[in-house]
Amino acid sequence: QTVCAAPLPVLGRDVTVPLVTGGEVTYAALDYAASAPALQRVWDDVAAYAPYYGSVHRGAGYLSQLSTDLFENSRATVAEFLGCREGDQVVFTRSTTDSLNLLAAALPADCQVFVFETEHHASLLPWRDARVTYLNAPRTADQAVATLERALADREPYGPALVCVTGASNVTGELWPVKELAAAAHAHGARIVLDAAQLAPHHPVSISELDVDWVAFSGHKLYAPFGSGVLAGRSDWLREAEPYLAGGGASRKVARRPKEAGGGVDVEWHETAARHEAGSPNVIGVYSIASACKALTEAGFDQLVARENQLIAKVREGLAEVPAVKVLSLFGDDAPRVGVISFVVDGWNSSHFAAALSAEYGIGVRDGLFCAHPLVRTLLGSDPQNQGECGAPEAAPGEKSLNAIRVSFGAGTPDEHVERFVRAVK
Ligand code: PMP
């Protein structure tokens with residue numbers, strides 16, 4: 010097995026932070042699942058382009074043309090990165106949340122939606138106007154497929170249906186059986202959208218190989234800066250839907266309607282991705298996503314995965330040596346996962362624990378319910394119907410924790426960061 014010799018260069022490697030114990034230390038960013046540091050390569054590409062940027066799709070000027078080319082070439086790069094099929098569209102959005110809300114707004118009338126209660130809120134909540142079936146938390150990957158099969162078999166036949174599923178959990182890091190879920194969805198005449206926010210930074214995601222209908226992901230978790238995301242996949246529902254935002258760029262032709270015909274305006278909307286990209290697009294954000302896609306492809310996912318698996322093993326083995334630590338898992342200890350690990354420490358308030366990692370060791374992790382309240386409550390054995398909010402009161406000593414600590418890492422993480430983390434937990 011080939012192993013990447015070194016982490017990919019990312020921004021922030023030399024940032025130092027003060028310690029409460031005195032002195033300072035280089036910051037160990039171990040919260041990639043929230044936002045990963047940008048790749049140096051992405052930053053360099055953006056810096057090289059920045060002096061030349063101009064409006065997209067709007068100007069005859071040289072820089073405007075150059076920006077338009079860059080924007081559309083970025084679309085082609087992302088399509089290639091995602092293994093898009095002939096006829097698929099790549100729509101640029103603000104984030105995964107935005108992408109899934111766009112798809113929710115484009116659902117055909119009477120669409121039924123099927124979603125596991127274990128999803129991130131971005132996948133759980135956008136389907137408000139649809140008839141939603143919430144599926145119980147499965148305890149194995151096979152059970153996930155069986156649960157979906159059963160729910161789909163019970164659905165009213167013939168109407169449109171959509172399944173929304175995450176590829177890798179932002180809480181446990183566990184991989185979901187996407188290909189099998191997609192096959193189950195299609196066997197019952199439903200479509201499927203993959204929330205790849207946590208999967209795409211760690212594993213290759215191919216729409217055609219997984220045979221999913223849409224994929225959504227965010228730039229800021231894929232080693233690009235904030236503000237841009239992707240919804241890629243089948244064009245029919247998107248083409249038939251009202252534009253996500255009404256405005257310039259989405260409209261091909263706008264004309265005043267004669268008074269005799271009732272006045273107002275007649276609009277012809279684009280049928281391409283532009284239909285859902287009204288307003289001046291975030292060309293820097295989009296270009297940085299394309300640059301990150303290229304950098305990851307060139308580094309090679311085989312090597313990135315091999316290296317990440319070594320880091321995962323280091324963390325898991327280290328945590329296993331601390332009896333007070335309980336790692337959270339839905340599918341069991343042996344389930345394949347990405348570098349996202351949540352845990353609780355007996356006798357510790359998770360928020361205090363995370364604060365101590367920062368103040369005493371310069372390590373940045375996350376604590377809380379990770380925008381997946383029902384899942385985290387299930388994993389902690391607390392009431393999944395609990396009405397508490399993010400930042401709910403902590404358990405008293407001896408009681409079950411009400412929230413958790415999450416450590417997450419990826420392509421830019423040096424060994425020293427996870428080694429320091431394990432030492433600190435011990
Ligand atoms: N889905 C998953 C699995 C996530 O982890 C996140 C981010 N935590 C999102 C969706 C939402 O991503 P964003 O905040 O970039 O919209």
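If you count the sequence shown from 1, you need to add 9 to reach full-length UniProt numbering.
The C-beta atom is built at its ideal place from N, Cα and C for all residues, glycine as well.
If you run the structure through DSSP and keep just helix, strand and coil, what is G273?
coil
Can you tell me whether DSSP reads K335 as helix, strand or coil?
strand
First through last residue of the alpha helix (DSSP H) which encompasses Y58
Q49 to Y58
Beta-carbon spacing of C93, I216 below 8 Å
yes
Over what stretch of residues does the alpha helix (DSSP H) that includes E218 continue unbroken?
I216 to L219
Could you give the distance in angstroms between the alpha-carbon of G257 and the alpha-carbon of N291?
14 Å
What three-state label does DSSP hand W278 in the structure shown?
strand
Does the beta-carbon of K268 have 16 or more other beta-carbons within 10 angstroms, so that it is buried, or is it exposed?
exposed
Limits of the unbroken beta strand (DSSP E) element including T142
R140 to L144
Please write down, chain order preserved, every residue whose beta carbon lies under 5 Å from a heavy atom of ligand 1.
S104, T105, T106, H129, A131, T175, N179, D204, A206, Q207 and S227
DSSP beta-bridge partners of S73:
Answer by DSSP bridge pairing: none, since S73 is not bridged.
Just reading off the beta strand (DSSP E) that Y204 is part of, what are its end residues?
Note on identity: in this sequence residue 204 is Asp, with Tyr being the wrong assignment. Element bounds for D204: R200 to D204.
Grouping DSSP H, G and I as helix and E and B as strand, with all else coil, what is L116?
coil
With C-beta atoms as the reference, is Y232 less than 8 Å away from V99?
no
Three Cβ pairs or more, each shorter than 8 Å: is that satisfied between the segment 36-54 and the segment 230-248?
yes
Check each candidate in T422, D343, N82 and V347 and name the one with the smallest Cα separation from D23.
T422
For A368, tell me which candidate among E33, A15 and L378 has the shortest Cα-Cα distance.
E33
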